[in-house]
Amino acid sequence: DSLVLTPVPAVAEMPDTLRRAIAQLHAALGPEAAALRPAVLEQACVGYLTLRRTDPSFRAGLLAVADMDLPNTEERLWVLDLKNAKVLHRSLVAHGEGSGHLRARRFSNKESSACTSLGFYRTAGSYDGIHGYSRRLEGLDKGENANAYNRYVVLHAADYASPAYVRQHGHLGYSRGCPALPPEQFKAIISTVQGGTTLLLSGPGLHSRWLDGAVATRRFLARGWG
Numbered sequence: 006d007s008l009v010l011t012p013v014p015a016v017a018e019m020p021d022t023l024r025r026a027i028a029q030l031h032a033a034l035g036p037e038a039a040a041l042r043p044a045v046l047e048q049a050c051v052g053y054l055t056l057r058r059t060d061p062s063f064r065a066g067l068l069a070v071a072d073m074d075l076p077n078t079e080e081r082l083w084v085l086d087l088k089n090a091k092v093l094h095r096s097l098v099a100h101g102e103g104s105g106h107l108r109a110r111r112f113s114n115k116e117s118s119a120c121t122s123l124g125f126y127r128t129a130g131s132y133d134g135i136h137g138y139s140r141r142l143e144g145l146d147k148g149e150n151a152n153a154y155n156r157y158v159v160l161h162a163a164d165y166a167s168p169a170y171v172r173q174h175g176h177l178g179y180s181r182g183c184p185a186l187p188p189e190q191f192k193a194i195i196s197t198v199q200g201g202t203t204l205l206l207s208g209p210g211l212h213s214r215w216l217d218g219a220v221a222t223r224r225f226l227a228r229g230w231g
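This is the structure in structure tokens:
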């Protein structure tokens, strides 16, 4: 796979006020967020704010974002405390076997695709399934990830999503479309992103109705990151 990352387009119609605030947040997050590309953080923050304005029941101040364009050998999932500008968790995360080898290049919302689906998600309830402690995900982008719940795209642990697997094989293994997590970290991450948390799976070709810079700015000016 090529290691040249796909450029991330800037969110349209976003005033400099919010763009500066996101840049300040990125700097305040410190070294743990250095590999989180600014444009991906911008996407995640705009979507979070737009969703919070649309439905205040989304959890305040908590945001999870995965940059699926990064190689799966890198820790490309971040869970952020926006109010306190802290990285709560950073980890590896696997993509679907239909999406590519080292980097996720193909995405699908179809039942049998075994692909990762890009877009915004709302975390739902936890349960004990075949992978143990897991958390359901509701896809919020019609045509992109809206079948995620019915596809059982969930957060769960997998041995193939571990650093040991990378050391042995040179890459992570693959899920059926789930953002699978390392066994050493999954419990803490799944417990943190309780129901109502905003999650973005970002990647090449992301299209989302929630990337509304104007609406996000109005929300930020009224309530900050809350």
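Under our numbering, the first residue of the sequence shown is numbered 6, with each subsequent residue one higher.
Yeah, the Cβ is synthetic: ideal placement off N, Cα and C, and Gly gets one too.
- For residue 56, the closest of 209, 210, 204 by C-alpha to C-alpha distance is 204.
- Rounded to the nearest angstrom, the gap between the Cα atoms of residue 125 and residue 169 is 29 Å.
- In the DSSP annotation of this structure, the continuous segment of the alpha helix (DSSP H) that includes residue 51 starts and ends at 43-59.
- Residue 215 is bridged by DSSP to nothing; it lacks a bridge partner.
- Between residue 142 and residue 158, the C-beta gap is smaller than 7 Å, which places the two residues in contact.
- Taken atom to atom, the span from the alpha-carbon of residue 19 to that of residue 222 is near 7 Å.
- Secondary structure of residue 111 (DSSP, three-state): coil.
- Note on geometry: alpha-carbon atoms of residue 171 and residue 156 lie some 27 Å from one another.
- In the DSSP annotation of this structure, the continuous segment of the beta strand (DSSP E) that includes residue 207 starts and ends at 203-207.
- The alpha-carbon separation between residue 32 and residue 23 amounts to approximately 14 Å.
- Each residue's CA atom was taken as its position, placing residue 140 and residue 197 some 11 Å apart.
- In the structure shown, the three-state DSSP call for residue 103 is helix.
- Apart from sequence neighbours up to five positions away, the residues of its chain that approach residue 119 with a beta-carbon distance below 7 Å are 101, 102, 103, 181, 182, ordered along the chain.
- The beta carbon of residue 88 sits closer than 7 Å to the beta carbons of 66, 230, 231 from its chain, once the five residues preceding and following it are set aside; these are given in chain order.
- The Cβ-Cβ distance between residue 123 and residue 8 does not fall below 7 Å.
- By the Cβ neighbour-count rule, residue 195 is buried, with 16 or more other Cβ atoms within 10 Å of its own.
- Under the DSSP definition of a beta bridge, residue 140 partners with 131, 160.
- Residue 14 and residue 26 have their C-alpha atoms some 18 Å from each other.
- Sequence-distant partners of residue 96 (beyond 5 residues in either direction) whose C-beta falls short of 7 Å from its own C-beta, in its chain, are 80, 82, 186, 187, 190, 194.
- Straight across, the Cα-Cα distance linking residue 226 with residue 164 is about 43 Å.
- Annotation for residue 38: no alpha helix (DSSP H) segment contains it, and DSSP assigns it neither H nor E.
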